[in-house]
Structure formats: C-alpha cells, structure tokens
Amino acid sequence: MDIEIKRLSHAMGLPLPQYQTLGSAGMDLPAAIENTKVISPGKRVLIPTGFSLALPSSLEAQIRPRSGLALTNGVTVLNAPGTIDSDYRGEISILLINHGSESFVIKRGDRIAQMVIAQVVQPRLVEVKNLSKTVRGEGGYGSTGANIQEKIGAPQHGTD
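Each residue of the sequence shown is one higher than the one before, counting from 878 in the numbering used here.
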C-alpha cells in the first residue's frame, strides 16, 4: 500500500519517516526544528516533523513514544497515542513532555516519536436498553484478577 507524504520546506535535508528494521511496527519521526529545543523537567513542547500525509479513509496514524527516550530521559508523547485522522492534511507535530529530572535537548533530525499506521473501523452505534450478558459483566479495574475493590478500599456496588 502506498501513502502520499508531503515534505515541507523546513524538513529539507531530513529523512522521511521510516521503519528502522523489517519487523518494526512504527516509523521513526524526525524533529524538523531549526537548531535545538530544550524541554525542562515537567514542561511540554510541540515539535514539528516537517511533513503531512494523505491517509486513506480506512486508516489512521498513531503517534507513540519512543521507548528509549522514555526509559533514558523520561521524555514521552503527552497524548499517547495521538491520532492523525485520514482527513487531516496539516503538518504532523509531536506533543512531548519531559517527566525526567533533567532538561532534555532535542536537535534537528533527532528521532522523537514513532508513527504506526492502523486500520480504522467506523461502526454504527445502536442504542439498546440492555447489553448482552458476559461472565465478567460490569467488573472493571482489576476485576479479572484478585478483588481490586478490597485492595483499594473502594465501595463494592452491585454485589450480593
């Protein structure tokens, strides 16, 4: 499958997003900044990538953190996974946050996030009075393991 990509003028000389190995699910995204950008601890910044996409209506692009940046520096994608809709044609920018204890410097061309192309289904929602029954039922937050309500002292609603 081919997806159209447009390189913007401030990304000249930078590589297009690309898979680093044959088994990679995500393409690395470069920082299309002029020089450097510093993210202080606890701060967030929007970093341009220098490109736009024309995704088919059946796809979305998911923007995800790079695990090495998260582990080593505490830098991650704030709204992970971010969604790029098929009808968006503007520049893809990455919202990063520094959860680390030290300032983090981003240089032009640094790989700052990854992009996974995923299938999208737009089902029609049908309102009903009752949902089909399952063994789990309405149990959430750890309900398939030990009784989480007892562990956190939460009220136990709907138990007999």
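Using N, Cα and C, we set each Cβ at its ideal position, and we do this for glycine too. Note that this is a predicted model, so its numbers are computed, not measured.
Residue environment, Q897, which counts as buried when at least 16 other CB atoms sit within 10 Å:
So Q897 counts as exposed.
Taking one C-beta from the stretch 960-973 and one from the stretch 921-933 each time, how about it: are there three or more such pairs within less than 8 Å?
Touching, yes.
Grab the span of the beta strand (DSSP E) containing N975 for me, first residue to last.
Unbroken beta strand (DSSP E) run through N975: 970-975.
Assuming the contact rule is C-beta atoms closer than 8 Å, A908 and G986 should be a hit. Round their C-beta distance to whole Å, please.
Their Cβ separation, rounded to whole angstroms, is 6 Å, which keeps A908 and G986 in contact under 8 Å.
Answer with buried or exposed for G890, where buried requires no fewer than 16 other C-beta atoms within 10 angstroms of its C-beta.
Flag for G890 reads exposed.
Counting only runs that start and end within the stretch 939-1025, where is the beta strand (DSSP E) found for 3 or more residues in a row?
Whole beta strand (DSSP E) segments, 3+ residues: 952-954, 959-961, 970-975, 981-984, 988-996.
From this set, D905, I989, G945, S917, which residue's C-alpha is nearest S978's C-alpha?
The residue with the shortest Cα to Cα distance from S978 is S917.
In the structure shown, what three-state DSSP assignment does S901 receive?
Correct three-state label for S901: coil.
Classification of V1005 by the beta-carbon crowding that lies within 10 angstroms, buried from 16 upward
Classification for V1005: exposed.
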